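Residue numbers (the working numbering), protein chains in the order written: chain A, 198 to 446; chain B, 433 to 900.
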């Protein structure tokens, strides 16, 4: 099995509804792909299924990451394989600080015998917070509690930068961001992509994000199926005729 | 994460027991003969013997709380218990002199080590009597008294007797009467005027024997302008038969003095923990109960503060964790007797599995023209579908110009929250304990650091059993 992400003939069920049917997608190691489609096309469901959400049941087919099946794996096990999901709607956790959370997550990813110094941790955390234009008080705030839309998205990117995944699924990372914030977020994704060949699947329904991160390949999803795959020329078509122009295919 | 003492913190740490001989055993069951046995064993003066007999009569006449108490209370059988078990030795001032079983018990519980690290004094009680009591010499020189209550009664009657039973009358409730009849052990503390005890004094209560009861009696007097923190911990082995712990604690906090009383209750799940705790705060005095209930089968405990004179302040901070088979019936009582008094109650409970957490509170405001203030907040967290939480607040306000606020919330940790945390690599149990710790984090900060670390860890371990 090839390295990278491989979704084969996936049939996905949630709450007695079939969301995806015979869905296939290949993202070779280190590539960035965009998954585009209107609301309700099944994009976010795919993201949840790929990360082991208990409500999403894989009825047929399978998902492999670097040759390992993630079907029937717990979310934390999938995370440890190196798959990171930047949530469309990050959850609020009262009383749990951003710094504590990221530290616990880092610890979970490491060998328990390995120790790491608090000073090193904070040096790195502050470095990325500066890059994301988050001020120092941010790390002691309760996770996502009272965050603005933009702060939530940047917090997701901060977690990604700290955890350094091998593959990131970015679910609507661009929604609610102004142009400056969008650039900052894109820079973060770029740096991991360059430094360690992180692959990514960007889920979006607006072409705007793709001006800042140009994907190797774009897939258009309608009604639970990929109807077209191609490169940047699809964007032109999309901006011209909207998603309807693909539905006749 | 803090590496402090990780290895030795364990909720089942107390689940061991030694076959210790008890030369002094009042036998099973409770009668006037039991009282005489205890009084003889302790070589008590006639007045206290008489007090005990009268208390027993009151106990026998008072009915069990019927309508409002959890049904499980009626599983308690008074005839099956030992009311006094002791080795008949004196309280020692060095651990080496304590008998080996008892010494080893407290070593395993980490008490001598804590004493060396951060405590100003320790009393260790094993079943009915204190085995060890010691206080730093500098405090002793300042006139601070910290002894077992039996010693307090014998050696400091001039301070002990006038206050004894003055805050919690014998007839207050069935269990205060029971305690008054058979009490043994507990602490007697006196802090002279303007003496500030900066490190905590700690008492540790250990039940070792099967089907026995522990009835310690604690009396603390903090004199004018003085300050102190008292800390109590407790464990018992996990036997299949029921055990009873029924204490009475009385605090007298004189004008401008401050007292903080911290308890971490971690009894095994076969213990009925029925405790009456009450403090009187005089003018401009402050009392703070910090009460954490993790163990026991049934706990019924509502720390009370009587705000007797102007500008007295009271606070109860309460954390309860109830697992399947546990009833944490806890709360607070604030009695405002004088104008310009203020009180605050912060209570958080966590119900796991089919655990039952109950908050029962009383705010009773008396002054006619008063400017009294109370703020009460109770938050409950339910972890599973069968988890239960109840809140029974009673608020009585007479007169005008008072401000009483009650807020309550109930929440659940959602599957989506857990998924979010798990997606970052945290196992489900850790995801759960981080959320739970987040829920009580602001209250945990109120505990001294040494204890908050232990508490966090205890709660984490409780969560591991909660993931189904």
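Backbone N, C-alpha and C define an ideal beta-carbon position, used for all residues, glycine too. Please read these numbers as outputs of a predicted model, since none were measured by experiment.
For residue 284/A, the nearest beta carbon of chain B is closer than 8 Å to its own beta carbon. 709/B is the residue among 727/B, 729/B, 728/B and 709/B whose C-alpha sits nearest the C-alpha of residue 720/B. Per the DSSP secondary-structure output, residue 825/B pairs in a beta bridge with 793/B.
Between residue 542/B and residue 571/B, the C-beta spacing is not below 8 Å. Inter-residue distance for residue 756/B and residue 698/B is about 15 Å (C-alpha atoms, whole angstroms). Think of a sphere of 9 Å around the beta carbon of residue 862/B: the chain A residues whose beta carbon falls inside it are 273, 301 and 305, in chain order.
Neighbours of residue 879/B across chain A, judged by C-beta separation under 7 Å, do not exist; the nearest C-beta is about 15 Å away. Contact between residue 400/A and residue 432/A is ruled out by a C-beta separation of about 15 Å, above the 8 Å threshold.
As computed with DSSP, residue 223/A is found in a beta bridge with 203/A.
The criterion of a C-beta distance shorter than 8 Å is satisfied by residue 688/B and residue 716/B. Out of 287/A, 435/A and 280/A, the CA that lies nearest to the CA of residue 343/A is found in 287/A.
Against chain B, the CB of residue 277/A has a partner CB under 8 Å away; the residue lies at that interface. Under the three-state reduction of DSSP, residue 705/B is assigned to strand. At least one CB atom of chain B sits nearer than 8 Å to the CB of residue 360/A.
For residue 744/B, the three-state secondary structure derived from DSSP is coil.
In the DSSP assignment, residue 721/B is bridged to 693/B and 748/B. Between the segment 785-801 of chain B and the segment 758-768 of chain B there are three or more inter-stretch CB-CB distances shorter than 8 Å, so the stretches are counted as touching. Pairing residue 407/A with residue 359/A gives a Cβ-Cβ distance that is not under 8 Å. Taking residue 271/A as reference, the option from 861/B, 770/B and 685/B with the minimal CA-CA separation is 861/B. From the listed residues 435/A, 355/A and 208/A, the smallest Cα separation to residue 389/A is found for 355/A. Short of 6 Å from the beta carbon of residue 612/B, and not among the five residues preceding or following it, lie these beta carbons of its own chain, in chain order: 487 and 602. For residue 356/A, the chain B residues whose Cβ falls inside 8 Å of its Cβ are 856, in order along the chain. Rounded to the nearest whole angstrom, the C-alpha separation of residue 347/A and residue 622/B is 58 Å. A check of alpha carbon separations from residue 734/B across 778/B, 744/B, 771/B and 742/B identifies 778/B as the nearest.
Contact with chain B is found for residue 293/A, since one of that chain's Cβ atoms lies less than 8 Å from the residue's Cβ.
Taking the Cα positions, residue 750/B is about 24 Å away from residue 629/B.
In the pairwise beta carbon analysis, the segment 677-684 of chain B is classified as touching the segment 650-665 of chain B: at least three pairs are separated by under 8 Å. 615/B is the residue among 615/B, 722/B, 586/B and 639/B whose C-alpha sits nearest the C-alpha of residue 680/B.
Separation of residue 510/B and residue 255/A (C-alpha to C-alpha, rounded to the nearest whole angstrom) is 58 Å. One finds 848, 849 and 852 in chain B with Cβ atoms closer than 7 Å to the Cβ of residue 288/A, taken in chain order. The segment 373-388 of chain A and the segment 418-430 of chain A do not touch, with fewer than 3 CB-CB distances between them shorter than 8 Å. Residue environment analysis places residue 215/A among the exposed positions, since fewer than 16 neighbouring C-beta atoms fall within 10 angstroms of its C-beta.
A direct Cα-Cα distance of roughly 19 Å separates residue 341/A from residue 381/A.
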